[in-house]
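The structure appears below as structure tokens.
There are 2 protein chains.
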Amino acid sequence: MINNHFRRGELYSVINGMASTAVARRLQKNFRNAGLDITIEQWSVLYHLWKEDGLSQQELCVRTFRDKPSITRLIDNLEKQSLVKRVASPTDRRINLVQLTDAALELQHITIDLANQTMAEALVGVEKHEIEMVKSVFQRVYDNLTMTTHEVL
Amino acid sequence: MINNHFRRGELYSVINGMASTAVARRLQKNFRNAGLDITIEQWSVLYHLWKEDGLSQQELCVRTFRDKPSITRLIDNLEKQSLVKRVASPTDRRINLVQLTDAALELQHITIDLANQTMAEALVGVEKHEIEMVKSVFQRVYDNLTMTTHEVL
DNA sequence: TGATATTAGTTGCATAACTAACTATATGAT
DNA sequence: ATCATATAGTTAGTTATGCAACTAATATCA
């Protein structure tokens, strides 16, 4: 019974443990070795802006699964490094549109190559269908938790 | 080609994104709602001590995938809350053995139940064999990265 | 034995996370 | 038009993470 408890308790560490920590650290190290002075968290924000420039901070919260203060400070730090700038929305002055600078556009290909390379290293010996299954499981986990959150609130 | 890049880049967010964030937040919220004033990181340390009490800080680093300063400060905070105490090893005075207090022993069943309950919510609609596959994939990812780390260093 | 290297743990610094409380702007109801 | 409410973003406080540099204790070996 205790054994059963522990086995299930370990599921948390599976989802939130060794693999994600190891991948994050390796990606950060690969950035650093390439002389890139950005964190993976900053990179993940840039990543969404490369897909669609000029997103609001609120929209970045949704897409990166972060809360508002986290995005505020990530944008602060990205702005310090002149990688993005905040531009007030012309139609709603509450909204900051976050826009990439030329410096950030230059980082795109290098960093995405590094991310691909890192994931390739990480996924040696993992089949395509296994990756799809992990994605699908995680999508269900996310849906389970966010849907019940809304119910509960 | 850019599309291909982006699709692969997204793998990082799969491993380190929505699902793990959502599970961590839910577990933390469930602790809080139960009046438990510990963080999930503190809980993850206690979890390993419940399995084996009196581990050294170094051993806790290995088991929780954290670096030494992280463990130092987690133990600091756990000690402030009187959940663990540091005891110098009798055979090697460099080593701190971390021992659970009675207060921590009392938390064990409640928090493990909450973790089980949280994982049960998270895993609704996920088959046992899918969980096993995720575990297996993550183990390979971890091995890939830690083995090449040692090679490289 | 004595110099050197290794190991365990701590401290300082920067970034990031969550919560709660706040400001400013916009929306809606009366 | 006005007052209440909702939304976008910021600030403050606590905890956590990673790296680098440090101290203290032990191990190695010449």
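Same order as they appear, the protein sequences are chains A and B. Counting in the working numbering, the first sequence runs from -11 upward without gaps. Counting in the working numbering, the second sequence runs from -11 upward without gaps. Yeah, the Cβ is synthetic: ideal placement off N, Cα and C, and Gly gets one too.
Residue i vs residue j beta-carbon contact at 8 Å
i	j	result
Ile63/A	Gln45/A	yes
Leu85/B	Leu34/B	no
Ala22/B	Ile98/B	yes
Asn4/A	Leu102/A	no
Met107/B	Glu118/A	no
Cys49/B	Asp55/B	yes
Cβ neighbour criterion (16 or more within 10 Å) applied to residue i
i	result
Tyr0/B	buried
His138/B	With a pLDDT of 41 at His138/B, under the threshold of 50, the predicted position of this residue should be treated as unreliable, though the coordinate-derived value follows. Burial call: exposed.
Gln30/B	buried
Ser124/A	exposed
Asn(-9)/A	With a pLDDT of only 46 at Asn(-9)/A, under the threshold of 50, the placement of this residue in the model should not be trusted, and no figure is reported.
Ser77/B	exposed
Val2/B	buried
Arg91/A	Just to set this straight, residue 91/A is Ala in the shown sequence, not Arg. It counts as exposed.
Arg20/B	exposed
Arg82/A	exposed
Asn132/B	buried
Arg61/A	exposed
Straight-line gap, residue i to residue j (C-alpha atoms, nearest Å)
i	j	result
Leu111/A	Val129/B	6 Å
Ala7/B	Thr134/B	23 Å
Thr9/B	Thr89/A	29 Å
Ala39/A	Ile59/B	The residue you asked about is not Ala; residue 39/A is Lys in the sequence shown. About 38 Å.
Phe53/A	Ile100/A	20 Å
Asn65/B	Phe126/B	30 Å
Arg14/B	Asp25/B	15 Å
Gln105/A	Gln96/A	14 Å
Arg74/A	Glu(-2)/B	25 Å
Leu141/B	Val114/A	With a pLDDT of only 29 at Leu141/B, under the threshold of 50, the placement of this residue in the model should not be trusted; the figure read from the coordinates follows. Roughly 24 Å between the two C-alpha positions.
Arg51/A	His36/A	7 Å
Gln16/B	Glu94/B	18 Å
Lys116/B	Glu109/B	14 Å
Lys68/B	Thr79/A	50 Å
Leu43/B	Thr27/B	20 Å
Pro150/A	Ser32/A	Residue 150/A falls outside the range modelled here, since chain A spans only -11 to 141, and no answer is possible.
Glu47/B	Glu47/A	41 Å
Three-way DSSP call (helix, strand, coil) for residue i in this model
i	result
Asn(-9)/B	Confidence in Asn(-9)/B is poor, its pLDDT being 47 and thus under 50, which makes the residue's placement unreliable; the coordinate value appears in the next sentence. If DSSP states are grouped into helix, strand and coil, Asn(-9)/B belongs with the helices.
Gln69/A	coil
Leu(-1)/A	helix
Leu88/A	strand
Ser58/A	helix
Arg74/A	strand
Leu111/B	coil
Val140/B	Residue placement at Val140/B is poorly supported in this model, since its pLDDT is 37, which falls under 50; the coordinates still yield a value, given next. Correct three-state label for Val140/B: helix.
Leu43/B	strand
Leu149/A	Outside the displayed span of chain A (-11 to 141) sits residue 149/A, for which this structure offers no information.
Asp80/A	coil
Phe126/B	helix
Phe53/A	coil
Asn4/A	helix
Gln96/B	helix
Residue i: CB within 7 Å of a non-hydrogen atom of the ligand ATP
i	result
Ala12/B	In the structure shown, the ligand ATP is absent, as is every other ligand, since no ligand is present at all.
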